[in-house]
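A.B. asks:
Protein chains: 2
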Amino acid sequence: MTTGIRHDEMRKRNRALVIAAVRRADQPSRTEIARLTGLSHSTISAIASDLIEEGIMREIGQGEAAPARRGRPQVALGLDPEAATVVCLHLSFNSLSAVLVDYCGRVIDTKAHRLSTLTLSRQALLDAAVSAVREIACGREGFLRIAFAVQGITDAAGRQMLWSPITPHSDIAFGPELEAAFGVPVTVQNDCNMIAAALRWRNPERYRDNFIALLLSQGIGMGLMLNGQLFTGTHSSAGEFGHMIHRPDGALCRCGRRGCIEAYAGNYAIWRKAHGKSAMEKPIADIKAGEMEALAAMARRGDGPARQAFREAAEAIGIGIGSLFALIDPAPVAMVGQGTAAFDILEPEIRAALAQTAGGQHAEDVSFETWPDEVPFIQQGCAMTALTGLDWEVFGPGLRPGAGGRKPEDGRVVA
Amino acid sequence: MTTGIRHDEMRKRNRALVIAAVRRADQPSRTEIARLTGLSHSTISAIASDLIEEGIMREIGQGEAAPARRGRPQVALGLDPEAATVVCLHLSFNSLSAVLVDYCGRVIDTKAHRLSTLTLSRQALLDAAVSAVREIACGREGFLRIAFAVQGITDAAGRQMLWSPITPHSDIAFGPELEAAFGVPVTVQNDCNMIAAALRWRNPERYRDNFIALLLSQGIGMGLMLNGQLFTGTHSSAGEFGHMIHRPDGALCRCGRRGCIEAYAGNYAIWRKAHGKSAMEKPIADIKAGEMEALAAMARRGDGPARQAFREAAEAIGIGIGSLFALIDPAPVAMVGQGTAAFDILEPEIRAALAQTAGGQHAEDVSFETWPDEVPFIQQGCAMTALTGLDWEVFGPGLRPGAGGRKPEDGRVVA
DNA sequence: CCCATTTTTTCGAGCTTCGAAAAAAAGAAT
DNA sequence: ATTCTTTTTTTCGAAGCTCGAAAAAATGGG
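Same order as they appear, the protein sequences are chains A and B. Counting in numbering that gives the first Met the number 0, the first sequence runs without a single skipped number right up to 414 at its last residue. Counting in numbering that gives the first Met the number 0, the second sequence runs without a single skipped number right up to 414 at its last residue.
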């Protein structure tokens, strides 16, 4: 709370709240919106007719689930899918996918591209992003926003990619480049944060204020929701769980340092250990899912080096989670990505390691959910981030021109 | 944003904002409040006259720093010190202190008690807290709130102390006990979080949205400000930096586990190592400041075991900070407590360890501030927490009766 | 065909904020 | 001493928003 509330601000918030309620609930009636928001029926009626007139919302006849009840039937409301479209991009190792999404969150079109991220120049990566957007949006009326998810570290402001394992270039300014090309707001965010956003959207019962999304794959990524907000640090996107130190001066990590969690739990680390290589052996960029499956099968069969490799991976993850829990308290954990295919091997060892830590005091209460495929989460997280951003920034204030409003000067009040 | 804003809510927020502005600024005029809050002069005038009439604020003649300027002179405003008082308690090893603070944050009275926390019964500790409050408030008109800071882990709701190194008892319900005895709201919070609150209050330029307060003493404590809010977990107060795992299966910690950061960096760990004892030796509860000073002096003289002990402590702290930075991004760090007396020895080694971690990439940019005495911070943090709570909850809504207002039912909207 | 029931809209009342103008309070100028 | 200038503060009417009550709308039941 840093600046005073004026009248237009009140309307803006209540409009955004109504839009949010409609987006979340399944075709609610005005009465239901009133119940959800705590606003009066009169207010909902007024806001709803504004939104309908502006083409943001529409009436969808009687709701299907209209059980022959007495009285005037409820009118189901839904967001107008044609109110806007947004583009979601997802850049990962050798892959760039673009999705066009309507204002209801439905996918209109998808395009996937293969490209050699490790060898492309900085400008070629930027160009690839621009042309992917141009292609997906081709011929259709203007989209209002771009949400860009990258496998790597982004800056806290969501402007650029600072570092990524998929390319040798750093500080690639996707945000400004795309904004210059298309003239719409662009957010650049870490893919694991998008996974966290999607989890919250899908299951707010379980994933609400504080939770952790771990991506187990070639490397180890994390998305962190704290106090109901996606945590992005002051400079970078933070959340580098994989690069917490597990063993000082330990195994060689892909990032060039030693002893990181990832250097024990990433695909390359498991592969390296299972094949009897040195822990200082140079990490391999991309290990196929089939190969990891084979290692997991070996580990399930008996107590050989493969089993030992998964055991060390689980220990690193478990102790890491324990340290994280010590800092931020036990919270629901979602494990996503190809690495979860071996979760049956990992879980007991993760729990054993966790139980040894201060953060794991109540380890038996912690439950893990797993999903092998992270892509739908990333895409949905991007879409919801972009759309709820629109709800607030574009459609929240209404379309009346000249709202204006003063701004406080320097020296903001800290409450 | 989870519930609609009504008219009374708008006024409530703007009132609270005005109070916050007056509390923070040094006797501002109405014009200055308008500038700080972004609200119009008319609104400030109306709110100010309400607050003055209600006895929350008062006019303080012309501000002293009234430089003979043309025009009608500004009227300085200040909070009425008699509007309320709050009691701050601070329980630590063998010590319980109580402070009575007026609505302006000035200390009215202080009482310190010695007590043997390790041997007292659960009920005796509760009784001590109650009688400390009774004594400090004796004869004076009613205080409106109690803020209780404890050295230990509290629950996230701020109701009780879950665990503490200063007593064998756990789950001591100070909150309900004090509320039952005095009929005012009570918050129970971790002492390091209060240090963080005080830092933010004293220097919001440096300590605003994300920063870390580390307490170096017998143990290692942490207060964590994230996204501008004190982070308290879902169950406990979290922030157990000292119990992140530094070396799996490493030195014995006071908490009974092995390899915690504290088992290398707490006073007992340094003492143990410097005296050539085993890392599995049982930790000593309380090591005098003088003894630690002597060890530091020895370490400064040469490269003996004392030096090695401080080196290991610094490494544990540095790597811990690195892991923390990997998770939440580099942020300002404040080091508080008796352990900072040896910070000249610790700092280079902390930086060296930090520089090896992913979170320490820009370690040279990180600056540490140190203060040897944590007590004033804890007290001020308690006071400001309690007073700003009053600003909002008691004085924000105004004193007009029957404000009422509906509440949204279940199924809150998640935006 | 009328009544009961539920949803939605309408309408006036009550707050709140805002901008403009007026009032207040001082120094500067004559 | 009086008038002008400048700055702060208050006053007042206008506009916007939400709310509760009442009215209107839409449907099933008898």
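The beta carbon of each residue, even a glycine, is placed where N, CA and C say it ideally should be.
Output the distance between the C-alpha atoms of V185 (chain A) and D154 (chain A), rounded to the nearest integer angstrom.
C.D. replies: Spanning the two alpha carbons is a distance of roughly 13 angstroms.
A.B. asks: Alpha carbon to alpha carbon, how far is Q26 (chain A) from A148 (chain A)? Give it in angstroms, no decimals.
C.D. replies: 29 angstroms
A.B. asks: Check distances from the C-beta atoms of the stretch 204 to 222 of chain A to those of chain B and list, in chain order, the residues that come in under 8 angstroms.
C.D. replies: For the stretch 204 to 222 of chain A, residues whose beta-carbon sits nearer than 8 angstroms to a beta-carbon of chain B comprise R207, D208, N209, M221.
A.B. asks: DSSP on A146 (chain B), reduced to helix/strand/coil?
C.D. replies: strand
A.B. asks: Only counting the same chain, and skipping five residues up and downstream in sequence, which positions put a Cβ closer than 6 angstroms to that of A172 (chain A)?
C.D. replies: Here the set comprises Q159.
A.B. asks: Can you give the Cα-Cα distance for A136 (chain A) and F142 (chain A), rounded to whole angstroms?
C.D. replies: 7 angstroms
A.B. asks: Strictly under 8 angstroms for the Cβ-Cβ distance: is C103 (chain A) near chain B by that measure?
C.D. replies: By this cut-off, C103 (chain A) is not an interface position.
A.B. asks: At least one CB of chain B closer than 8 angstroms to the CB of C254 (chain A): is that the case?
C.D. replies: yes
A.B. asks: Using a Cβ cut-off of 8 angstroms (strictly closer), state whether T166 (chain A) contacts chain B.
C.D. replies: Residue contact check for T166 (chain A) against chain B: no CB pair falls below 8 angstroms.
A.B. asks: Given H361 (chain B), which residues of its chain have a CB within under 8 angstroms of its CB, disregarding the five upstream and five downstream residues?
C.D. replies: P329
A.B. asks: Hey, L16 (chain B) and G3 (chain A) are a contact pair by Cβ (cut 8 angstroms); roughly how many whole angstroms apart?
C.D. replies: Yes, L16 (chain B) and G3 (chain A) are in contact; Cβ-Cβ is about 6 angstroms, under 8 angstroms.
A.B. asks: Starting from Q73 (chain A), find everything on chain B with Cβ-Cβ shorter than 8 angstroms and list it in chain order.
C.D. replies: Ordered by position in chain B, no residue passes the 8 angstroms Cβ test against Q73 (chain A), which lies about 16 angstroms from the chain.
A.B. asks: Is V374 (chain A) near V332 (chain A), with beta carbons less than 8 angstroms apart?
C.D. replies: no
A.B. asks: Taking C-alpha atoms, which residue in B:T356, B:A313, B:F324 lies nearest to L347 (chain B)?
C.D. replies: Inspection of the sequence shows that residue 347 (chain B) is occupied by Pro rather than by Leu. Looking at the Cα atoms, B:A313 is the closest of the given residues.
A.B. asks: Could you check if T30 (chain A) is buried or exposed, using at least 16 other CB atoms within 10 Å of its CB as the buried criterion?
C.D. replies: exposed
A.B. asks: Between E204 (chain A) and A195 (chain A), what straight-line distance do the alpha-carbon atoms span, to the nearest angstrom?
C.D. replies: If you draw a straight line from the Cα of E204 (chain A) to the Cα of A195 (chain A), it is about 14 angstroms long.
A.B. asks: Return helix, strand or coil for C103 (chain B), following the three-state DSSP convention.
C.D. replies: DSSP, reduced to helix, strand and coil, places C103 (chain B) outside both helices and strands of the structure shown, so it counts as coil.
A.B. asks: With H, G and I counted as helix, E and B as strand and the rest as coil, what does DSSP make of L381 (chain B)?
C.D. replies: Looking at the sequence shown, residue 381 (chain B) is not Leu but Cys. Three-state DSSP puts C381 (chain B) in a helix.
A.B. asks: Of the residues A:A293, A:R12, A:G319, A:V86, which one's Cα is nearest the Cα of M415 (chain B)?
C.D. replies: Lying before the first or after the last residue shown, residue 415 (chain B) is absent from chain B, which here runs from 0 to 414.
A.B. asks: Below 7 angstroms on C-beta distance, what does M9 (chain A) contact in chain B?
C.D. replies: I4, M9
A.B. asks: Straight-line CA distance for H168 (chain A) to L124 (chain A)?
C.D. replies: 10 angstroms
A.B. asks: In whole angstroms, what separates the C-alpha of F92 (chain A) from that of E280 (chain B)?
C.D. replies: 49 angstroms
A.B. asks: For F230 (chain B), I'd like the list of residues in its chain whose CB is within less than 6 angstroms of its CB, leaving aside the five on either flank, ordered along the chain.
C.D. replies: L223
A.B. asks: Under 8 angstroms between beta-carbons, which chain A residues line up against Q228 (chain B)? List them in chain order, please.
C.D. replies: Contact note: Q228 (chain B) reaches chain A through N226, using a C-beta cutoff of 8 angstroms and chain order.
A.B. asks: Along the alpha helix (DSSP H) that carries A67 (chain A), what are the first and last residues, could you check?
C.D. replies: Run containing A67 (chain A): none; DSSP gives neither H nor E here.
A.B. asks: State yes or no: is the beta carbon of V393 (chain A) nearer than 8 angstroms to at least one beta carbon in chain B?
C.D. replies: Closer than 8 angstroms to the CB of V393 (chain A) there is not a single CB belonging to chain B.
A.B. asks: Assign H40 (chain A) to one of two classes, buried (16 or more other C-beta atoms within 10 Å of its C-beta) or exposed (fewer than that).
C.D. replies: exposed
A.B. asks: If we count the other Cβ atoms within 10 Å of its Cβ and call it buried at 16 or more, is L225 (chain B) buried or exposed?
C.D. replies: buried
A.B. asks: Is the CB-CB distance between T369 (chain A) and F342 (chain A) below 8 angstroms?
C.D. replies: yes
A.B. asks: To be precise: take each residue of the stretch 336 to 356 of chain A, compare its Cβ to all Cβ atoms of chain B, and keep it if any distance is under 7 angstroms. Which residues remain?
C.D. replies: Answer set for the stretch 336 to 356 of chain A: Q355, T356.
A.B. asks: Quick check on the DSSP output: the beta strand (DSSP E) that includes G426 (chain B) runs from which residue to which?
C.D. replies: Given a span of 0 to 414 for chain B in the structure shown, any question on residue 426 (chain B) remains unanswerable.
A.B. asks: Cα-Cα, which of B:L177, B:C103, B:D285 is closest to D126 (chain B)?
C.D. replies: Closest option to D126 (chain B), Cα to Cα, is B:L177.
A.B. asks: How about P175 (chain A) and R253 (chain A): are their beta carbons less than 8 angstroms apart?
C.D. replies: no
A.B. asks: Cβ closer than 8 angstroms: which chain A residues qualify as neighbours of E239 (chain B)?
C.D. replies: A325, L326, A357, G358
A.B. asks: Kindly indicate if chain B contains any beta-carbon less than 8 angstroms away from that of R405 (chain A).
C.D. replies: Confidence at R405 (chain A) is low in this model, with a pLDDT of 33, below 50, so its placement is unreliable and the value that follows should be read with caution. Interface residue, yes.
A.B. asks: Would V100 (chain A) and V85 (chain A) be called neighbours here (beta carbons separated by less than 8 angstroms)?
C.D. replies: The criterion of a C-beta distance shorter than 8 angstroms is satisfied by V100 (chain A) and V85 (chain A).
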